Amino acid sequence: MTVSCCRTILPSASCSNRIALISNATGNGPTAGCYWLYPQVPSRAPLTKPCAAPTLVKELLCQAARTARPPLNILFWAALAFATPVNSWAQTASTFEQQVEGLYQQKRWPELIQLVQSTNGGSSGVNFYYGSALAQLQRWPEAEAAFRAGSRQQPHDKRFPVELAGVAFKQKRYGESARWLRRALALDPGDTYANDFLGTVYFLQGNLDGALKYWNRAGKPLLANVLNQPAPQIDSSLLDHALAFSPASLLTAPQLRTTDLRIKGLGIFRDYRFDLQARDDGKFDLLFQNQERNGLGKNWKEALFLTFRSIPFETLHFDYFNIGREARSIVSTYRFDAEKRRLLIQYSSPFEHNPKYRYQWIGDLRSENWNVQTSFQGPTTLLGSFNLRREAIGFNFASFESGRWQWMAGAELSHRDFRSVVPGPALTPELLAKGYQLKQLSQLDVALLHVPEHRLTSDGAVSSQAARIWSSPARSFEKLQAALRTHWFPQASGHDWEMHHQLRAGKTFGDPPFDELFILGMHRDEELWMRGHVATRDGRKGAAPMGRNYFLSNWELDKNVYHRHLVDLKLGPFVDTGKTTDPVPGLGSRKWLWDAGAQAKVRVFGIGVVFSYGKDLRTGNNAFYVSMLREP
C-alpha cells in the first residue's frame, strides 16, 4: 500500500515523522485521520496517542474516534480531518487580514498593496482594505476591481457600494456614483453618510429636488439666508408669505414644492428657479432667480412686442402685471377676426394679501360663425351652420394648499343666442338651446408621483362643470373630466431632453348646448388638441370631431437645440390619439383618431410660439398650424 502524507492534522511535524507516529500508534499503517480510506481498519485497542486538537469540537471528535468501533470510527476520523484544515485556513486567513488591517491603519499603502498582490486573493475584508489603499493612491480602475470583488463576496455589505460610489465620484461619473449609493441605501436606508453623499451628487447634477430628498435624511441643508436675484418689485411681505420655509431653518423637499406652487400662483413670474449656494460655515443660502413681469413690460419695445405678438392671428393683447406691487394683474385679449370675434378680460389677485389663495374675475364676449362639417380639408359635408353670440361673467377662487394638492371652485353666469341657423343633421333643438345659464365649476389637482432621482413627476386632476339653462324648456347638464399628466427629463442633469404625456377623458350627462361639446382639434380657444386636425375651415369653427364624450392622449418629446439669453428653441416629435362620441348623427369621430408629426417651439421674452406639422394617419390629411404657447 502506498502511503501519503497527511498535511493538516499535525502541521508541526515532518511528513515522515507524522507517518511513523500514526503507524506506531495503530501498528498497521496510516489511519483514517488522513485524506484517504483503506480497505480494512484493524480491530484492536483504541488509540492512546493524543490528537492535535486545539479546539473543544476537535477534542470531542478525537475522543469519539478513539472509542468508537469500526466502521463508525472512520466517520469521526474523517470529520476530524475535515475540521482541522478548515480551522487552520481560517486562522491563517484571519491572521493575514489582521496584518493587512494593521498596514491600513498605519496608512502604509504601497506595502499593503504589495502584500495583497503577493497572494492569490483574499477575503472581503482584505479586498476592502486593498481597494481603499489603491483609492488613496488614485489607482481608480484597480480600486474599482477590488471593491467589485469584495461586493461579490459580500453582496449585503454596504461598504462596497459606498466605496464604489466614491471611486465613480472622483472620476466625475456622477450617474454611476448615484446608482451605487442607491444600492447602499437599499441595504441600509438610515446610513447618514450615504444619504449625505447621494444628496451631494444630485446637487452637483443640478437636481435640487433629488438633493433635498436625501439631504433631509441627514439633517441638511440648514438655510442661512434667502437671496433674490434680481430683487423683485413685488411687496416683500407678500413674497415672504409665498415661501413655505424661513431662514435659519432646515429646508425640506415638501416645503420647496409648496413654495414653487405658490410662486407660480402669483402669476407675475414668467420664469424662475431656486438654487442653493454653499457657505464656509456649512450652511446654505437659497437663491431665488427670477424674471418678474411688471406693468406692460420692462420697456416700450417689450411692451409693443407683447401687445402685438398675436397680430398675425388678428388678435391684440393688453396685459398689465403686478398692479400696486400686490401681484394683481389684468390679462385681456381682443380678437377682431370677422368669423370669430372675441373680447376676454381677466383680473386676478391674492386674497387678503395671502399668496395661498387667489381669486379671479372673468368677462367673455363672443360672436362666432360656425360651419359644422366632416373635415377641415378636402371633400367635406356640411352638417349645419349658425352664428353664436355669448356673453359671460365668471368668478374663480383657488387654494394652493401644498405641493401635493390644490383646488379651485367657481361660478359663471352666461347668456347665449343662436342666429342665422342653417338646419342640418348635427343641429338638434337641444344643442341650440338659448337663454341664460348658471354654471358651477370645481377642480382638484393632486401630485401622484414624484421621483426626483429620475426627474419624473406625475399628477392628476378631476373637474366638474354643472349647469342649468333657462331655455324653453329648461335644461341641465354636467361635464366630468379627468386628466393624468407625466413630465420627465430623461437625462440626470440639464434640460436638453424633455418628455410630456397627458391622458384626458370626459363625459357629459344631460343636454349641453352646442358650444359646450368637447372638440378634438387645434384652435386657440380649445384645449383638447389633436395636432393632425384643425378645428376651423375657411376661418369658421366646426371642422374638428366633437361630441359629448371623449378620450385623448398627447405625447411629445422636446430637444433643446438653442438657448441664448431670452431666446429658446426646441424641436421634437409628437403622437396624438383620441376618440369622441355623441348620439347625434354627424357628431363624434366614430373611429379612433391617430395623428403624428413634429413641432418647433420658440420662446422670446417669455412668450412662446409653436409651429407644428401633423398628419392624420387615418385619412392622410396634413395640418400645418401656428399658435401661441399657453402661459404657465
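When you read off a place in the sequence shown, starting at 1, and then add 6, the result is the number in my numbering. Note that CB positions come from ideal geometry on N, CA and C, so glycine has one too. Source: prediction; values computed, not measured.
Following the DSSP letters along the chain, one finds Lys607 inside the beta strand (DSSP E) bounded by residues Leu599 to Val610. Cβ-Cβ distances below 6 Å link Ala190 to Lys164, Pro167, Val168 and Ala200 in the same chain, with the five nearest sequence neighbours on each side left out; the list follows chain order. Residues Ala217, Tyr220 and Trp221 of the same chain have their beta carbon placed closer than 6 Å to that of Gly205, with the five preceding and five following residues left out of the count.
For the pair Asn555 and Leu575, the Cα-to-Cα distance works out to about 35 Å.
Taking the CA atoms as reference points, Glu484 sits about 33 Å from Arg263. C-alpha of Lys176 to C-alpha of Gln142: approximately 11 Å in a straight line. DSSP, reduced to helix, strand and coil, places Thr258 outside both helices and strands of the structure shown, so it counts as coil. Excluding sequence positions up to five before and after Gly181, its CB lies within less than 6 Å of the CB of Ala498, all in the same chain and listed in chain order. Taken in chain order, the whole beta strand (DSSP E) runs of length 3 or more contained in the stretch 282-353 are 290-298, 321-329 and 334-341. Partner residues in the beta bridge of Val540, as assigned by DSSP, are Met528.
The beta carbon of Thr386 sits closer than 8 Å to the beta carbons of Gln379, Thr380, Arg543 and Ala549 from its chain, once the five residues preceding and following it are set aside; these are given in chain order. Non-local C-beta neighbours of Asp370 in its own chain, meaning closer than 7 Å and more than five positions away in sequence, comprise Leu350 and Ala398, ordered along the chain.
For Trp376, the beta-bridge partners assigned by DSSP are Phe392 and Lys547. With fewer than 16 other Cβ atoms inside 10 Å of its own Cβ, Ile317 counts as exposed. Distance between Leu454 and Ile269, taken at the CA atoms: about 21 Å. For Phe153, the enclosing alpha helix (DSSP H) starts and ends at Trp146 to Gln159.
Put simply, of Asp266, Ser124 and Asn231 the residue whose alpha carbon is nearest the alpha carbon of Asp291 is Asn231. In the three-state reduction of the DSSP assignment, His501 falls in the coil class, being assigned neither a helical nor a strand state. Ranking Val540, Phe611 and Phe617 by CA distance to the CA of Leu312 puts Phe611 first. Contact between Pro356 and Leu244 holds, since their C-beta atoms are separated by about 7 Å, short of 8 Å.
Between Gln412 and Phe403, the C-beta gap is not smaller than 8 Å, which leaves the two residues out of contact.
In this structure, Thr583 lies near Ser559, with their beta-carbon atoms less than 8 Å apart. For Ala149, the CB contacts under 6 Å within the same chain, skipping 5 residues up- and downstream, are Gly137, Leu140, Ala141 and Val173 in chain order.
Annotation: Arg299 to Trp476 spans about 42 Å, alpha carbon to alpha carbon. Note that the stretch 425-433 does not touch the stretch 521-530; fewer than 3 beta-carbon pairs, one per stretch, sit closer than 8 Å.
Between Leu490 and Gly527, the CB-CB gap reaches or exceeds 8 Å.
With contacts defined by Cβ atoms closer than 8 Å, Arg334 and Arg341 do not form a contacting pair. Between the C-alpha atoms of Ala237 and His247 there is a straight-line separation of about 16 Å. Distance from the Cα of Gln144 is smallest, within the candidate group Arg158, Pro116, Arg285 and Asp588, for Pro116. Secondary structure of Asn213 (DSSP, three-state): coil.
DSSP, read as helix, strand or coil, puts Leu572 in coil. For Gly156, the CB contacts under 6 Å within the same chain, skipping 5 residues up- and downstream, are Ser130, Asn133, Phe134 and Phe166 in chain order.
Taking C-beta atoms as the reference points, Gln297 and Phe275 count as a pair closer than 8 Å. Collapsing the DSSP output to three states places Asp197 in coil. In the structure shown, Thr387 falls within a coil segment according to DSSP collapsed to helix, strand and coil. Three or more Cβ pairs closer than 8 Å define a contact, and the stretch 277-288 falls short of that threshold against the stretch 596-607.
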